[in-house]
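Trainee: Sharing a structure with you now.
Below is the structure:
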């Protein structure tokens, strides 16, 4: 269970047993547990949404969003803000891109991206809650996004040292295939619309390959946020008949 504990510690703020020892290679090996951690996050989001839905869809969406940020500690929102600032300020200069990416200060592009991401999630969660159907697909959205992050780190060159590079050096193809098959099976059972989820992951990989030629930890975090929003949109395909 060491890998699962490390994955939970890296991706969330949830309490875990403390490990007596640590080796860097253990962190890379823990990546196979990322989708499982996503399922844990999704289960907590679903519980928050169900609780709020007893009162109002907007409350359901707000509780789910607050739980999302609290559980993850805004880990991937930080990556989205940093990448947005770097892309907005780079002006086609690769050196400037990495300079801004490393800057800990938040710029206007980062603020705007954070606002848009939070608003998008809030509205989509409300529409899903208002749909009236059991939002079981919400269980899978964080899991798919974290599976994508492992895929991106394994198939794109690392552009800079950091969390992306730490996971990229060890490629667990068998683990990725097993996780992908499990998520496809769960999607077919719980939320058929999410059978299209891999398209979101491939689209973000294509964007990073074309725009940057590789990835960093911030690129992975930003991709998780963008894909989570896209997958929430996919879930509305199921809820759409109930929204009128």
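Residue numbers (the working numbering): 34 to 277.
For every residue, glycine included, the Cβ atom is placed at its ideal position computed from N, Cα and C.
In this structure, how does DSSP classify residue 34 when only helix, strand and coil are distinguished?
Mentor: Residue state, collapsed to three classes: coil.
Trainee: When the Cα atoms are used, what is the spatial distance from residue 277 to residue 191?
Mentor: Interpretation of residue 277 is limited by its pLDDT of 45, a score under 50 that renders its predicted location unreliable; the figure taken from the coordinates is listed afterwards. Rounded to whole angstroms, residue 277 to residue 191 spans 46 Å at the Cα level.
Trainee: Where DSSP assigns a beta bridge to residue 191, which residues make up the other side?
Mentor: Per DSSP, 248.
Trainee: From what residue to what residue does the alpha helix (DSSP H) around residue 101 run?
Mentor: It spans 90-105 - the alpha helix (DSSP H) in which residue 101 sits, taken as one unbroken run.
Trainee: Measuring only the C-alpha atoms, how far is residue 56 from residue 136?
Mentor: Approximately 28 Å between the Cα atoms of the pair.
Trainee: Just to confirm my understanding: we take residue 221, look at its own chain, exclude 5 residues before and 5 after, and list those with CB closer than 8 Å. What are they?
Mentor: So the list reads 228, once near-sequence residues are dropped.
Trainee: Am I right that residue 70 and residue 41 are in contact with their C-beta atoms under 8 Å? What's the rounded C-beta distance?
Mentor: Indeed they touch by this definition, with Cβ atoms about 5 Å apart.
Trainee: Can you name the start and end residues of the alpha helix (DSSP H) that residue 17 belongs to?
Mentor: Because the chain is modelled from 34 through 277, residue 17 falls outside the range shown and cannot be assessed.
Trainee: Are residue 236 and residue 212 closer than 8 Å when you measure CB to CB?
Mentor: No, they are not a contact pair.
Trainee: Just tell me which of 65, 36 and 142 has its CA closest to the CA of residue 52.
Mentor: Looking at the Cα atoms, 36 is the closest of the given residues.
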